[in-house]
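Heads up: the structure comes next, in structure tokens.
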Amino acid sequence: MGEPIIELKDVLFSAQNREIVRHTSLQFEEGKTTAIVGPSGEGKSTVLKLAAGLLIPTEGMVLFRGKDMAAMNRAQNSAFRREGAVVFQDSALWANQDLFQCLELPLKIHFPKMKAEDRKARITEVVKEVGYTKDIHVRPAMLSMGEQKLIAFARALLCRPELLFLDEWTESLDDTAAQRLINLVRKLQAEKKTIIFVSHDLRIIKNLADIVITIVSGQPGLIMTKDQLIKNENLSEIIERGIAGDAKGGAP
Ligand SMILES: Nc1ncnc2c1ncn2[C@@H]1O[C@H](COP(=O)(O)OP(=O)(O)O)[C@@H](O)[C@H]1O
Ligand SMILES: [Mg+2]
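Under our numbering, the first residue of the sequence shown is numbered 779, with each subsequent residue one higher.
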């Protein structure tokens, strides 16, 4: 593998006196799609947030193109925030803003010289891409969970990111909406974007991931490449129970 775009180096993350992520060293390859899988509550979202630089490790380091994220200056941090976009598991839209405002803010921050009409055009474009067809001048609370996911996805696409962090990004979506997002991810893959996602959906993992990493008890277990993934008959079991370490049927 070439230079990793993101690297976790012996990371420990604790909160409220609990070690949520432990002894974790992982490398994410540029231009590849990595799926983080495993049972609920085992640390997948925390690993994703650490990789996205949204959480600072208690011990160890997270590197972006070889630079310690915790030591990045304001300009480097801002560039990284523009380059890397996140879809949160709970969508995390601003409750007291309408959808248009939620989508306008990142453009205002990252492209301060952009004209209002151009912002509006870009917002209309991404909303259409994700297939949201209802009013965008309503607050997130008016939307279903699935619709909130669509808007969160649209927000992630806004600034044309190079790196995407997607947490349970098809959860609560109907098949048509999920398929639309899958197609969007395929397009991003063709453009050689780096994608790191968390999912429980076997079909999505098999279809989209180049590499699969299981997280169990806050630690990476099995790491599989696409070939091993296709051959692996125990994948659903791995996702549900998170068999760690033992590459049963997974080794080439
Ligand atoms: N900031 C936090 N403070 C305390 N506990 C947390 C925090 N974040 C996550 N946890 C706990 O850590 C565990 C792993 O969480 P998470 O990474 O969200 O798991 P997953 O995404 O695999 O379901 C859970 O038990 C969760 O409640
Ligand atoms: Mg999670």
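The C-beta atom is built at its ideal place from N, Cα and C for all residues, glycine as well.
Predicted model, so just to flag it, every value in this text is computed and none were measured.
Would the stretch 855 to 870 count as touching the stretch 995 to 1014 if we require 3 or more Cβ pairs under 8 Å? Flag = no, the stretch 855 to 870 and the stretch 995 to 1014 do not touch.
For the alpha helix (DSSP H) containing LEU959, list its first residue and its last residue. 953 to 968
Three-state secondary structure assigned by DSSP to ILE798: strand
Expressed to the nearest angstrom, what Euclidean distance is found between the alpha-carbon atoms of LEU804 and GLU895? Each residue's Cα considered, the two are about 42 Å apart.
By alpha-carbon positions, which one of GLY809, LEU941 and THR836 ends up nearest to GLN794? THR836
Quick one: grab the DSSP three-state call for PRO939. Reduced to three states, the DSSP call for PRO939 is coil.
Reference ALA789; option with closest CA among ARG958, LEU841 and GLU969: It should be noted that the sequence gives Val, not Ala, for residue 789. Residue LEU841 is the option with its Cα nearest to VAL789.
On the CB-based measure, 16 or more other CB atoms within 10 Å of its CB, does ILE901 come out buried or exposed? buried
Quick check on ILE784: does DSSP put it in helix, strand or coil? strand
Could you spell out the range, first to last residue, of the alpha helix (DSSP H) harbouring VAL904? 894 to 908
Could you give the uninterrupted runs of the beta strand (DSSP E) lying entirely in the stretch 800 to 873, keeping only those of 3 residues or more? Listed in chain order, they are 811 to 815, 837 to 842 and 862 to 865.
Any non-hydrogen atom of ligand 2 closer than 7 Å to GLU946 Cβ: Checking the 7 Å criterion, the Cβ of GLU946 is within range of a heavy atom belonging to ligand 2.
Considering PHE889, what are the terminal residues of the alpha helix (DSSP H) in which it resides? No alpha helix (DSSP H) contains PHE889, which DSSP labels as neither H nor E.
Alpha helix (DSSP H) segment containing ILE1008, residue limits: 1004 to 1009
Quick test of the definition: if touching needs 3 or more C-beta pairs under 8 Å, does the stretch 864 to 874 touch the stretch 808 to 816? no
Inter-residue Cα distance where the pair is LEU962 and ARG800: 33 Å
Backbone CA spacing between LEU833 and THR824 [nearest angstrom]: 8 Å
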